[in-house]
Amino acid sequence: MERGKVKKKEKGKEPEREKIRGRGKEEKDKRKEVEKGNEKGKEEEKEKEKEQFKGKEEKEKNNSALAKPQLELPEKNNHILVLGLDGAGKTSVLHSLALNRVQHSKAPTQGFNEVCISTEDSQMDFLEIGGSEPFRSYWETYMSRGILLIFVVDSADHNRLPEAKKYLHQLIETNPFIPLVVFANKQDLKTAYHITDIHEALALSEVGNDRKMFLFGTQVTENGSEIPSTMQDAKDLIAHLAAGMQ
Ligand code: G3D
Ligand code: MG
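Taken in order, the sequence shown gives residues 1 to 246; the numbers are from the UniProt record's numbering.
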């Protein structure tokens, strides 16, 4: 069984929004991704994509849903938030976690992406909020409602690490107990900082004694290849943490 749902709305001064949902199940040959683009100030669609995601026939069923800017902000309280500066690799990492296969993003996220990953034991609702300036104002709004924060950084983007650090610390100050999982992404790049340097650059020793904090080096390289074991480990941990926060 598979389902797809596209929802798009636009209103007033709100940023352009669009919502895409795609769900894949165990069927090996089926892959589905629905993607639409919409731009503020324009009434016409800018892009529309459909692609079938292939659900992996292992122990789990993967349901993925992506959303771009949408008028009605997701109201759920149990989101796993995926935040970080634009270009860090949030969407790529999310797609890859959902499919257990490397899947690069196709375009910068202009709003929100919701991705639901279901396993036999649990369901995880991820919410990625775009990392470019116009969307950062939404980050804090969601912090109080999130159950887990995944913060993604581009380990090779040395110049913007201070900015990433600033936002990360602003965010976690608003929610002293939310567990934090940091993805030091793009470890495949030669210039990428090692995770120990990322730990220091982001001042992760200062995230608070009462907070669970984990740091993973991740990479999303060749499309279609299996995700690295570190990412699988991260996914398992996220499922465990999320289950503990429900
Ligand atoms: P974002 O959602 O945080 O904004 P994206 O980031 O997932 O859209 O990724 C931004 C760019 O980084 C994309 O390239 C994507 O393919 C690339 N990328 C993501 N993860 C990795 C990684 O681990 N290693 C490398 N080398 N590249 C990665 P484009 O070219 O589309 O901008
Ligand atoms: Mg994105």
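Ideal placement from N, C-alpha and C gives every residue a C-beta, glycine not left out.
beta-carbon residue i near ligand 1 non-hydrogen atom, thresh 8 angstroms
i, result
"Val93", "yes"
"Ala98", "no"
"Gln170", "no"
"Gly87", "yes"
"Gly111", "no"
"Asn185", "yes"
"Asp154", "yes"
"Leu189", "yes"
"Gln219", "yes"
"Gly84", "yes"
With 16 other Cβ atoms within 10 Å as the buried cut-off, status of residue i
i, result
"Gly131", "buried"
"Thr91", "buried"
"Asp121", "exposed"
"Lys165", "buried"
"Thr218", "buried"
"Gln175", "Here residue 175 is Asn; the residue named in the question, Gln, does not match the sequence. Buried, because 16 or more other Cβ atoms sit within 10 Å of the Cβ of Asn175."
"Ser229", "exposed"
"Ala203", "exposed"
"Thr109", "buried"
"Asn113", "buried"
"Ala243", "exposed"
"Ala192", "buried"
Anticipated Cβ contact below 8 angstroms, residue i with residue j, distance rounded
i, j, result
"Leu180", "Val152", "The Cβ separation is near 12 angstroms, so there is no contact."
"Val220", "Gly87", "Actually they are not in contact, since the Cβ atoms of Val220 and Gly87 sit about 12 angstroms apart, beyond 8 angstroms."
"Trp139", "Leu171", "6 angstroms"
"Ile178", "Leu149", "5 angstroms"
"Glu163", "Leu85", "6 angstroms"
"Gln246", "Asn78", "6 angstroms"
"Ile198", "Ile147", "That belief does not hold up - the Cβ atoms of Ile198 and Ile147 are roughly 24 angstroms apart, past 8 angstroms."
"Met231", "Leu127", "19 angstroms between Cβ atoms; not a contact."
Heavy atom of ligand 4 within 8 angstroms of residue i beta-carbon
i, result
"Phe126", "Only ligand 1 and ligand 2 can be found as ligands here, which leaves ligand 4 out of the picture."
#### Entry: Test item, CB below 7 angstroms from any non-hydrogen atom of ligand 2
Lys90, Thr91, Ser105, Pro108, Thr109, Asn113, Glu128, Gly130, Gly131
### Message
Which runs of the beta strand (DSSP E) at least 3 residues long sit entirely within the stretch 105-175? Give them in chain order.
### Response
Qualifying beta strand (DSSP E) stretches, in chain order: 112-118, 123-129, 148-154.
### Query
What are the complete beta strand (DSSP E) segments, minimum 3 residues, inside the stretch 81-106?
none
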